[in-house]
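3 is the number of the first residue of the sequence shown in the numbering used here; add one for each residue after it.
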Amino acid sequence: MTDLAWKRVNAINPSILLQILSPLGSLEYHPASLKVANGVVLGKPGKPSYESPSSFRIIVLLRTLSKILERVIAACLPLAARLRGLIHRNQWSSLPGLSTYDACLTLMKDVKTLQRPGLKVSSLFLDIKAGFDNVDNPTLPRMLREGGIPQYLVSWVASFLGEQSCTLVFQGAPGTPAPVKVGAPQGSPISPLLFLNYFAPLHFRIPRGLMRSDVDDFALTATSLSY
3 MTDLAWKRVN
13 AINPSILLQI
23 LSPLGSLEYH
33 PASLKVANGV
43 VLGKPGKPSY
53 ESPSSFRIIV
63 LLRTLSKILE
73 RVIAACLPLA
83 ARLRGLIHRN
93 QWSSLPGLST
103 YDACLTLMKD
113 VKTLQRPGLK
123 VSSLFLDIKA
133 GFDNVDNPTL
143 PRMLREGGIP
153 QYLVSWVASF
163 LGEQSCTLVF
173 QGAPGTPAPV
183 KVGAPQGSPI
193 SPLLFLNYFA
203 PLHFRIPRGL
213 MRSDVDDFAL
223 TATSLSY
């Protein structure tokens, strides 16, 4: 059922979605039927050759009903994770009240503040390649459990990440689902939040500077008397 159809259902009778989704939260379970995705294979523009797999990218299409449930869980997890210090205070975006715009303004403010005493400021920008694809199950649920996250959320995350499958969609593809044993699905409302929890330990102290991240993009800012 498409996104527009579910919106129409919710407008007519909101209790239907509640009756469908509420038991899944209480049972700490994400159904296997909602973890079947289609991966549309698209060629990257401007490539001199398309003989290599790296010349293509995959857009994952998820079940709409699954994304509704994921958004509900995504509304519950940030508060619990922040209260327990599982999300680093210098992480931005994909969190309530913190956007990429906020991250840019904060970095500009930090640089100007560090420049006032005459220091030279340098920033190195890094991107974690295939970050979402390397979120590991059961490592993430274990991290959440050890961090004090309520068990029902931990169990749901473990169920959500487990037994995923994806069918590649392109000309000549056999259309056979393949198991996905690692990674948080691209395009999922909760995947960025799961990534933030998983990679929070990468934040480290810089003696004369600071580190900030916008999901899988990191900025390392350091100061010195000269460049």
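All C-beta atoms, glycine included, are put in the ideal place defined by N, C-alpha and C.
Is the beta carbon of I60 sitting closer than 9 Å to the one on V42? yes
Assign A160 to buried or exposed, taking buried as 16 or more other Cβ atoms, counted over all protein chains shown, within 10 Å of its Cβ. By the C-beta density criterion, A160 is buried, having at least 16 other C-beta atoms within 10 angstroms.
State the Cα-Cα distance for the pair E165 and V184, rounded to the nearest angstrom. 9 Å
Counting C-beta neighbours from all protein chains within 10 Å, is the total for A34 16 or more, i.e. buried, or is it exposed? exposed
Classify R91 as helix, strand or coil using the three-state DSSP reduction. Note: R91 maps to coil in three-state DSSP.
Looking only at DSSP bridge pairs, what is R207 linked to? According to DSSP, R207 bridges with nothing at all.
Three-state secondary structure (DSSP) of R73: helix
Can you give me the C-alpha to C-alpha distance between K285 and I151, rounded to a whole angstrom? There is no way to answer for residue 285, as the model of the chain reaches only from 3 to 229.
Extent of the continuous alpha helix (DSSP H) to which L189 belongs: In the sequence under discussion, the amino acid at residue 189 is Gly, which differs from the Leu named in the question. Per DSSP, G189 belongs to no alpha helix (DSSP H) and is neither H nor E.
Quick one: measure Cβ to Cβ for S124 and Y200, integer angstroms, because I've assumed they're closer than 8 Å. Not really, about 28 Å apart at Cβ, beyond 8 Å.
Burial state of L29 (16 or more Cβ within 10 Å): exposed
Since F127 is in the beta strand (DSSP E), which residue starts that stretch and which ends it? K122 to D129
Let me know the secondary structure DSSP gives D218 once reduced to three states. Assigned with DSSP and collapsed to three states, D218 falls in coil, not helix or strand.
Can you find at least 3 beta carbon pairs, one from the stretch 6–25 and one from the stretch 132–144, that sit closer than 8 Å? no
Which listed residue (P16, E148, G189 and T223) has its alpha carbon closest to that of A83: E148
Taking the Cβ atom as the reference point for each residue, do L196 and L163 lie within a distance shorter than 9 Å? Less than 9 Å divides the Cβ of L196 from the Cβ of L163.
Rounded to whole angstroms, what's the CA-CA distance from K46 to S17? Just pull it up for me. K46 and S17 have their C-alpha atoms roughly 43 Å apart.
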